[in-house]
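Here the structure is laid out as structure tokens; the discussion comes afterwards.
Numbering (my numbering), first residue to last: 4 to 291.
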């Protein structure tokens with residue numbers, strides 16, 4: 004009996020669907036137990052919509068990261084060989100093109116690798132004298148970014164003994180006398196003035212083999228903010244330091260050939276030329 008009734012109801016439902024063509028409207032009238040289903044389905048559909056809105060909210064937070072300023076390039080190494088050949092290395096944003104500059108003149112360029120490391124070896128040697136090097140980097144699709152630091156290089160004149168050996172075909176290793184005592188190239192990293200008091204950092208100083216020669220190894224600041232110079236000289240000799248043409252103080256080299264000096268009058272901020280004189284006991288200049 005139940006089977007017959009179910010078949011009749013099913014037949015009526017089929018007739019209703021065939022007559023109207025939209026069974027989902029007529030079936031709730033034929034089956035009252037299904038009237039609550041649309042309300043249940045509507046309530047169950049709301050939470051996913053709210054969850055989708057919640058997960059979409061953090062999306063704007065990622066925008067400032069993409070708009071952040073690119074990493075400025077920086078120096079890690081700056082060295083000058085005996086013939087004036089320069090080697091520089093440092094860091095920048097991965098994939099950025101780094102340009103090495105002396106003033107407005109380009110010395111070389113390289114692209115930072117996936118770790119942000121780069122190396123530039125200019126093809127031409129540096130002429131003797133003081134050189135100030137800077138960096139500029141450009142990431143794809145962004146404006147160029149200058150480096151925050153500069154490197155002050157001092158390339159000494161070729162010693163006379165070395166020049167004579169080169170003329171006569173002898174190797175540089177055979178130089179003697181003044182050639183051995185001549186100071187080597189020096190490179191000092193100069194941070195910006197607004198760097199919070201951090202002092203310059205030595206990138207290249209006197210070679211280990213020339214510890215007894217006159218040289219400047221450190222230009223730094225002590226805890227009180229006073230500038231400090233340190234270097235090497237012949238043991239027991241006197242080192243006289245000049246900034247420009249101004250004599251700022253003397254220091255005595257100890258038994259190991261080390262000296263340091265904190266001048267009483269601090270130099271003004273800016274660009275200065277340093278000069279060292281090594282004096283004999285009679286006060287004459289033995290090395291410069």
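Positions of the beta carbon are idealized from the N, C-alpha and C atoms, including for glycine. Since we're looking at a predicted model, the values are computed, not measured.
Asked, Found
"Pull up the DSSP beta-bridge partners for residue 253, would you.", "243"
"Between residue 92 and residue 76, is the Cβ-Cβ spacing less than 7 Å?", "no"
"Measuring only the C-alpha atoms, how far is residue 199 from residue 138?", "The predicted position of residue 199 is uncertain, since its pLDDT is 49 and thus under 50; no value can be drawn from it."
"Of the residues 79, 130, 249, which one's Cα is nearest the Cα of residue 151?", "79"
"Count the other CB atoms within 10 Å of the CB of residue 134; is the residue buried (16 or more) or exposed (fewer)?", "buried"
"Can you tell me where the beta strand (DSSP E) holding residue 235 begins and where it ends?", "230–235"
"In angstroms, rounded to a whole number, what distance separates the CA positions of residue 86 and residue 266?", "34 Å"
"Looking only at its own chain, which residues have a Cβ that is under 8 Å from the Cβ of residue 250, when we skip the five neighbours before and after it?", "243, 244"
"Are the Cβ atoms of residue 234 and residue 218 separated by less than 7 Å?", "yes"
"Looking only at its chain, what residues have a beta carbon closer than 7 Å to the beta carbon of residue 132, apart from the 5 residues adjacent to it on each side?", "158"
"Does the Cβ of residue 101 have 16 or more other Cβ atoms within 10 Å, making it buried, or fewer, making it exposed?", "buried"
"By a C-beta neighbour count over all protein chains shown, 10 Å radius and 16 as the cutoff for buried, is residue 117 buried or exposed?", "exposed"
"Can you tell me which of 98, 88, 120 puts its alpha carbon nearest to the alpha carbon of residue 127?", "88"
"Taking DSSP as the reference, what is the three-state secondary structure of residue 297?", "Outside the displayed span of the chain (4 to 291) sits residue 297, for which this structure offers no information."
"Alpha carbon to alpha carbon, how far is residue 268 from residue 277?", "15 Å"
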